[in-house]
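Engineer:
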Amino acid sequence: MHISKQTILLVILGISLTVVSQAQDLTWVSYPDGALTHNFGTVGDAPVDVTAQWSGDTDLHTTTPLVSPRPDETRGGNRLRTDIIYGDTTKCVTLTIQFSAPVSNLTFDLYFIDFKPFTGNLATPIGFVRDKVTVLGQNGATPVTPAITDYPGVNTVNGSTITGIAYGDTNVVNPVTFPQPVTEISIQYCMGGSYLPNNVIGSQAFQIGPLSWDAQALPVRLSSFKGQALDNRIQLGWTTSWEQRSSYFDILRSADAVSFEKIGQVASVGNTTAGQTAYGFTDASPSLGWNYYRLRQVDTDGRFDESKLIAVNYQEGGSYFSVAPAGVGTVEVLTNAANPQFEVINLNGQNLLHQVERLGENRYRLWTVGGHPSLSLVRMQGDQTIQCKKVFLNLQ
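In terms of numbering that gives the first Met the number 0, the sequence shown opens at residue 0 and continues consecutively.
Written as C-alpha cells, this is what we have:
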C-alpha cells in the first residue's frame, strides 16, 4: 500500500471524514460475473497470491457476485457487489479471502450496510431488511480483530459486527482495517433481524471495495513456539511454514514479561514455502520460577516482527552455578542464585576480584587484578548457599 503525504479532511453533512489517497493492491475488475471462487494470481505490493471463495447460502441473485458499477448503475466503481435473495430471513453468505503470505495493515471499505424498508414508504413499511455484516481475520491459526468505523445514524459497530439501524443514502461506507498481519479474512453477510411479509421474494445487496496492504510482506509465518524446562536449562523450539527474505531470529527473555533482553540469535533458512522448518535454542541460564520468551523475526532489510509470549516455569535442578575463563584476567559466571557475592581466590589464598560486571539477568563477568596465570577458585555466596568452582585464570 502506498500512502500519500497529503490527507484531505472532508466535512459531509456535519460528519468529519479523513480520506487517505492510496494505491489499490487488489481490484475486483477481473472478477468473473457469478463466480463463487476466483484466484487472482500474484497481485499487490508486496506481491502475494490471493484467492476468494463464497460459502454458506450461495443461492444469490442472478449473476452476482459481480463487479460494480454496471451500465444501469449510477453508483459504485471497482467494487464487488453481492445480492442475497431475502425470501428466508435466516440466510447468510460468507466471502473468504486467503493470502499466500501474511499481509500487513490490510484495509478496505464496505458499502450500503443499512436498514431497508420493504416498501418505498418509510413511514409505514410492511417489512424491512436489516443488514448484518461480520468481519473476521486470522494469521495462521491466530485470530486477528479488525478495526471498523461505523456510519453514524445508519449502522452501528459492535466488536467485529456491523448492524444496520436506519435507511441510508449512496454515501454509506464502513472503513475496515486489520492492524495486525493476516493470512485470511472472512466477510459474512446475514439478514440480521429482518421481518418480511409472507411469500415475499427479493434481494438486498452490499459491496466490498478494493483491498490495500503494506508494501513489504512479513518475513516469516510462525507456526508454533514452545519451551520446556530440562535439568538446568530451558529448551526452546519453534517452526515456520513460510519464509521470504528472512535473515535471523533474536531470542528475547524476561523475568516480568515487560522488560526483555536478547539472549541469543539463530540464523533462518531465508526462503521456503515447503512444509515446516524447525528451529531450536537452549537457554543455559534460566531464572528460578517463570521465564518469559518471545522471538523477534528479522528480514534481510532489517524489518522485524515479534512473536507472542510464552512462559516456562523453571524449578528442576534448583540453583545452578558455572564458570569459564573469558579472556585475560576475566571469568564469566552463569548462575540463577539470588543476590550472589563473588570472590576469586588464588593458591595463596588471595582474593583477586577487582570488579563484577552484570552482563544479563543470570550472567556475570568477574574482573581480576594482580598475580600470575594459575589455577584459582571462584567462590559464590547466595542467600542460602555457598558454592565453589575451579578455573584456570589467565593473567597475562
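Positions of the beta carbon are idealized from the N, C-alpha and C atoms, including for glycine.
Tell me, please, whether the region 247-258 touches the region 203-217 by the rule of three or more beta-carbon pairs shorter than 8 Å.
Structural biologist: Result no; under three Cβ-Cβ pairs closer than 8 Å.
Engineer: So, I161 versus V132, is the Cβ gap smaller than 8 Å?
Structural biologist: Yes, the Cβ-Cβ distance between I161 and V132 is below 8 Å.
Engineer: From which residue to which residue does the beta strand (DSSP E) around T50 run?
Structural biologist: Its beta strand (DSSP E) spans residues 47-55.
Engineer: Does the contact criterion of 3 or more C-beta pairs under 8 Å hold for the region 43-53 versus the region 97-112?
Structural biologist: Yes, the region 43-53 touches the region 97-112.
Engineer: Mind checking which residues open and close the beta strand (DSSP E) that includes N360?
Structural biologist: For the record, residue 360 in the displayed sequence is Glu; it is not Asn. Element bounds for E360: n/a, residue is neither H nor E.
Engineer: I believe N290 touches V311 by the beta-carbon criterion, under 8 Å. Please report the beta-carbon distance rounded to the nearest angstrom.
Structural biologist: Contact flag correct, Cβ pair sits at about 5 Å.
Engineer: For the candidate residues P285, G191, S246, Y188, whose alpha-carbon lies nearest to that of Q234?
Structural biologist: Measuring from the Cα of Q234, the nearest candidate turns out to be P285.
Engineer: Can you give me the start and stop residues for the beta strand (DSSP E) that S127 sits inside?
Structural biologist: The question names Ser, but residue 127 in the sequence shown is Phe. Where F127 is concerned, the enclosing beta strand (DSSP E) stretches over 127-138.
Engineer: Could you say which of V42, T93, T155 lies nearest to T36 if we only look at CA atoms?
Structural biologist: Taking only the C-alpha atoms, the option nearest T36 is T93.
Engineer: Kindly list the residues whose CB is nearer than 7 Å to the CB of D24, restricted to its own chain and excluding five residues on each side of it in sequence; keep chain order.
Structural biologist: Excluding sequence neighbours, D24 sits near M0, V42, G43, D44, L210, S211, W212.
Engineer: Could you give the distance in angstroms between the alpha-carbon of L376 and the alpha-carbon of Q314?
Structural biologist: Near 27 Å, if we compare the C-alpha coordinates of Q314 and L376.
Engineer: To the nearest angstrom, how far is the alpha carbon of E331 from that of Y319?
Structural biologist: Each residue's alpha carbon lies about 14 Å from the other.
Engineer: Report buried or exposed for Q349, applying the criterion of at least 16 other Cβ atoms within 10 angstroms of its Cβ.
Structural biologist: So Q349 ends up on the exposed side.
Engineer: Taking 6 Å as the limit between beta carbons, can you name the residues of its chain near V172, skipping five residues before and five after?
Structural biologist: Cβ within range, chain order: D108, Y110.
Engineer: Does the structure place the region 135-143 close enough to the region 175-182 that three or more beta carbon pairs sit under 8 Å?
Structural biologist: The answer is yes - the region 135-143 touches the region 175-182, with three or more Cβ pairs under 8 Å.
Engineer: Would you say Q340 and Q380 are within 8 Å of each other, going by their C-beta atoms?
Structural biologist: A contact, by the Cβ cut-off of 8 Å.
Engineer: Considering L94, what are the terminal residues of the beta strand (DSSP E) in which it resides?
Structural biologist: Where L94 is concerned, the enclosing beta strand (DSSP E) stretches over 91-102.
Engineer: Using alpha carbons as the reference points, say which of D149, V327, S306, A34 lies closest to T238.
Structural biologist: The candidate whose alpha carbon is nearest that of T238 is S306.
Engineer: Considering just the uninterrupted stretch of the beta strand (DSSP E) at R293, what are its terminal residues?
Structural biologist: Per DSSP, R293 belongs to the beta strand (DSSP E) from 288-298.
Engineer: Check P324 in the structure and name its three-state DSSP category.
Structural biologist: Of the three classes helix, strand and coil, the one that applies to P324 here is strand, per DSSP.
Engineer: Would you call the CB atoms of R80 and A204 closer than 8 Å?
Structural biologist: Result yes, Cβ atoms of R80 and A204 sit closer than 8 Å.
Engineer: Would you list the residues sitting across from A204 in a DSSP beta bridge?
Structural biologist: In the DSSP output, where bridge partners are listed per residue, A204 has D82.
Engineer: Excluding five sequence neighbours on each side, which residues of the same chain lie with their C-beta closer than 8 Å to the C-beta of P70?
Structural biologist: Low local confidence applies: a pLDDT of 45 at P70 is under 50, so the model's placement there is unreliable, with the coordinate-based value given in what follows. Contacts found: none.
Engineer: Quick one: what's N177 bridged to in DSSP?
Structural biologist: Note on identity: in this sequence residue 177 is Phe, with Asn being the wrong assignment. Answer by DSSP bridge pairing, in chain order: L105.
Engineer: Give me the Cβ distance between L308 and S321, rounded to the nearest whole Å; I'm assuming they're in contact under 8 Å.
Structural biologist: About 27 Å separates the two Cβ atoms, so there is no contact after all.
Engineer: Measuring alpha carbon to alpha carbon, tell me which of V219, Y247, N361 ends up nearest S240.
Structural biologist: Residue V219 is the option with its Cα nearest to S240.
Engineer: Name the residue from Y166, N77, R378 whose alpha carbon lies nearest to the alpha carbon of S67.
Structural biologist: It is N77.
Engineer: For S464, is the classification buried or exposed, using 16 other Cβ atoms within 10 angstroms of its Cβ as the cut-off for buried?
Structural biologist: For residue 464 there is no data in the structure shown, the boundaries of the chain being 0 and 395.
Engineer: What beta strand (DSSP E) runs, 3 residues minimum, are completely inside the region 217-273?
Structural biologist: Here the runs fully enclosed are 219-229, 232-242, 245-253, 260-266.
Engineer: Can you tell me whether DSSP reads K388 as helix, strand or coil?
Structural biologist: Strand at K388.
Engineer: Report the CB separation of A396 from T384 in whole angstroms; it is logged as a contact under 8 Å.
Structural biologist: Lying before the first or after the last residue shown, residue 396 is absent from the chain, which here runs from 0 to 395.
Engineer: Candidates N347, P116, I112, S185: which alpha carbon is nearest T144's?
Structural biologist: Closest option to T144, Cα to Cα, is S185.
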